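First the structure, in the form of structure tokens, and then the observations on it.
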């Protein structure tokens, strides 16, 4: 019998989990083992209390392997887990807007004198200037709502300099080839994913430049089989985000039905034990695929401004329990347009709450794909 009980394999730890110093993060590893065995943790002798053991160790790397070893007259048992050290962690947030395709078509047709003369981009820039917020816009190649089915290869490169000048706060990234059909990458080939990823990326680089082109943090519908994670990693992806961990859904006669299952389809098909951890802790590291995961807890085109503020403040209060320093706001571009069927006149009021409330609570704007959820301490 040997089990580490204080931390889960893949857990992400920061200063709230132990004692941080210039030398690293000191944590206490606890577990259970046969009372007759001698236990060490990374070579340090553990204190024993009947079946329980504990040992204080220092995390000194971003990715740490922790091995508990129990020896008795019958031999040796070992249990190894991976822990991530989020060094010098701080409160931080990001804003992700999915399904971007409308503004590309409008800019291409209207040909404004300046990129940020377009109302949607002007709204984002205003919020950046007011709160410092950084936005990642996830893009479609084709706009399925456009009568002409506008495609990204028709976006002029006239504004490349402006995209580059604002790349410190505005990023464009792949989301999918198009909005429809739904769930495009739920069961797809690696070749198709790679081809459609490249189609979007190549166009972004052409008209916006490499600094503005970012690795995405998910795909449309957050459905992608682990067998295709390697395609994402080939394109620089280090993190997958979703609001749907714990969800398994099917369409039956046009309606969504929840079903029981052992894995999450919306949520990249992770097992329920990972999903339960995400539900509580909100972040996770997958040692097998070397990917970070985060769970979003609201969508600003679903929640009202009052609900958005309440949810953010509640999650912030819970951070004393979860010890999680990150927040992510997500939404979708099309709700900003008055000709869209589900237009939200208060789109930018909702979006502003996503920037205002974290700022008031002391969160700093970041891009999640940088470092560990926007914390680049290990790169310095």
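Numbering (our numbering), first residue to last: 4 to 383. Just so you know, even glycine gets a beta-carbon here, dropped at the ideal spot from N, CA and C. Keep in mind that this is a model prediction, so the values were computed, not measured.
Contact check, residue i vs residue j, beta carbons under 9 Å
i: residue 302; j: residue 98; result: no
i: residue 71; j: residue 34; result: yes
i: residue 190; j: residue 140; result: no
i: residue 31; j: residue 62; result: no
i: residue 163; j: residue 210; result: yes
i: residue 47; j: residue 284; result: no
i: residue 178; j: residue 223; result: yes
i: residue 231; j: residue 196; result: yes
i: residue 183; j: residue 340; result: no
Nearest candidate by alpha-carbon position, reference residue i, set the options
i: residue 240; options: 206, 189, 293, 210; result: 293
i: residue 237; options: 227, 223, 218, 245; result: 218
i: residue 185; options: 164, 216, 214, 147; result: 147
i: residue 376; options: 300, 329, 178; result: 329
i: residue 75; options: 345, 5, 359; result: 5
i: residue 38; options: 57, 192, 284; result: 57
i: residue 220; options: 204, 242, 200; result: 242
i: residue 272; options: 289, 367, 211, 227; result: 227
i: residue 361; options: 20, 137, 379; result: 137
i: residue 23; options: 10, 43, 60, 11; result: 60
i: residue 91; options: 154, 245, 20, 54; result: 20
i: residue 135; options: 370, 382, 144, 309; result: 370
i: residue 159; options: 121, 279, 112; result: 112
C-beta neighbour in chain C for residue i, strict 9 Å
i: residue 348; result: Going by chain labels, chain C is absent from the structure shown, which holds only one protein chain.
Classification of residue i by the beta-carbon crowding that lies within 10 angstroms, buried from 16 upward
i: residue 133; result: exposed
i: residue 40; result: buried
i: residue 8; result: exposed
i: residue 77; result: exposed
i: residue 233; result: exposed
i: residue 363; result: exposed
i: residue 152; result: exposed
i: residue 365; result: exposed
i: residue 200; result: buried
i: residue 347; result: buried
Identity of the residues DSSP links to residue i by a beta bridge
i: residue 50; result: 57
i: residue 333; result: 99, 302
i: residue 367; result: 95
i: residue 34; result: 7, 56
i: residue 315; result: Its beta-bridge partners do not exist; DSSP assigns none.
i: residue 66; result: 87
Item checked: Uninterrupted beta strand (DSSP E) stretches inside the segment 268–305 (no shorter than 3 residues) -> 286–289, 294–298
Check: Quick one: complete beta strand (DSSP E) runs, 3+ long, within the segment 90–169?
Finding: 95–103, 138–143
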